[in-house]
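Structure record follows, encoded as structure tokens.
Residue numbers (the numbering used here), protein chains in the order written: chain A, 1 to 204; chain B, 205 to 408.
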């Protein structure tokens, strides 16, 4: 298949530099391939743009830098958590709201990224200390967003803070199990198992 | 008082460059003062050494860089947590071991740093994003060290991971309350209150 045909399928008009349907997905796909092949450090934005058959300018229309390719889903996850807590009926206990938040987060993650992409992303992040630090920062921001959502519902500051930390600990523990090499179980199912584990720890 | 007299009190012989009792404490004190006065970024190792009346070479005998002045207590805290878990009698439930770890950590922190120094340190770290990231990394390392200590006692990996995260969430929540401006209560007492909060969340 010629480049022209591929470009036509992708909806890209190189001469016109028009908005291109699917460019963001193709850029993400190209970046993930290159990070896996060459490592994160050795991959440039020019490499990513070339493999996705777009200009560097198009890359920067979607991502601030190459790191953002790995972290751009962050807001979606946070929104899922926060909205689930904010929109739950009044009078529900904190534990029920944590469950609602985790289920919403799991749904978002499974829809937007999927297990294979999550595994590939994890492998890239594990190999780079700066990316690991960025990931930790993201998890801490998520915990504090959950804390704020609980405070907005009138939960006391200390409980709200603990609820945020516990929710994120549960999510990240279940997530790690979900991306294990031979794991086939659903993230939501694993989250419920992790919730039972937390209860057994704190009531032992 | 002349510099010579001060040096004599501090036990320092500039000509001989001998080991100097108290130099590490003086360097830490000087660094904390300068970080508070000028900010972390604007303070150099030369400034710190000058205020502590030692050479830069002496500074580097105790600390790898200026950031290490803020983080050198890290190992002590981790050792306190891990030893408490490793040395507890057999057959104790995870929750009891978490309590033992937190109490040991609180004791170490109160002995080595004290509330005023902890407050000063927190103010410096809050003002600098790179230091905040370093602090997060430290807390994550602490959580994983606790996880390993639990695994060494035969606790299943998922439970051990959650135990590490929950223990660190509890410690850092109690710590934040401990360094609040008007707080006079003991860290151990606050930890026990936080433990009750975690239980009320997970059993609500």
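Even glycine gets a Cβ: it sits at the ideal position worked out from N, Cα and C.
- The way I'd put it, the segment 308-319 of chain B does touch the segment 384-401 of chain B; three or more beta-carbon pairs between them come closer than 8 Å.
- Short of 7 Å from the beta carbon of residue 277/B, and not among the five residues preceding or following it, lie these beta carbons of its own chain, in chain order: 316 and 317.
- Look at residue 262/B here: in three-state DSSP terms it is helix.
- Within 10 angstroms of the beta-carbon of residue 105/A lie 16 or more other beta-carbons, which makes it buried.
- Of all C-beta pairs linking the segment 134-152 of chain A to the segment 327-344 of chain B, three or more are shorter than 8 Å, placing the two stretches in contact.
- The three-state reading of DSSP puts residue 73/A in coil, since its state is none of H, G, I, E or B.
- Within the segment 250-279 of chain B, not one residue has a Cβ closer than 7 Å to any Cβ of chain A.
- Inclusion of residue 242/B and residue 335/B in the CB contact set at 9 Å is not warranted, their separation being larger than that value.
- With a contact defined as Cβ atoms closer than 8 Å, residue 252/B and residue 326/B miss out at about 19 Å.
- The CB of residue 93/A comes closer than 8 Å to the CB of 408 in chain B, given here in chain order.
- Taking each of 167/A, 125/A and 128/A in turn and checking the Cα distance to residue 141/A, the smallest one comes out for 167/A.
- One alpha carbon belongs to residue 196/A, the other to residue 399/B, and they sit about 18 Å apart.
- Of all residues in the segment 138-153 of chain A, only 140 come within less than 7 Å of chain B when Cβ atoms are compared, listed by chain position.
- CA-CA distance, residue 81/A to residue 153/A, rounds to 14 Å.
- The beta carbon of residue 273/B sits closer than 6 Å to those of 232, 235 and 267, all from its chain and outside the five residues before and after it, given in chain order.
- Non-local beta-carbon contacts of residue 146/A in its own chain, meaning distances under 6 Å to residues more than five positions away in sequence, involve 81, 164 and 167 in chain order.
- For residue 198/A, the closest Cβ of chain B is nearer than 9 Å.
- Of the candidates 92/A, 101/A, 95/A and 96/A, 101/A places its Cα closest to the Cα of residue 79/A.
- Taking a C-beta distance under 9 Å as the contact criterion, residue 59/A and residue 45/A qualify as a contact pair.
- At a beta-carbon threshold of 7 Å, none of the residues of chain B lie near residue 122/A; the nearest stands roughly 15 Å away.
- With 16 or more other CB atoms across the displayed protein chains lying within 10 angstroms of its CB, residue 84/A is buried.
- Under the 10 Å beta carbon count, residue 406/B is surrounded by 16 or more other beta carbons and is classified as buried.
- Annotation: residue 90/A has no Cβ neighbours in chain B at a cutoff of 9 Å; minimum Cβ distance is about 15 Å.
- Residue 40/A and residue 128/A do touch by the CB rule: their CB atoms are close to 5 Å apart, below 8 Å.
- Under the 10 Å beta carbon count, residue 159/A is surrounded by 16 or more other beta carbons and is classified as buried.
- Considering only 162/A, 182/A and 181/A, the residue with the shortest C-alpha distance to residue 380/B is 162/A.
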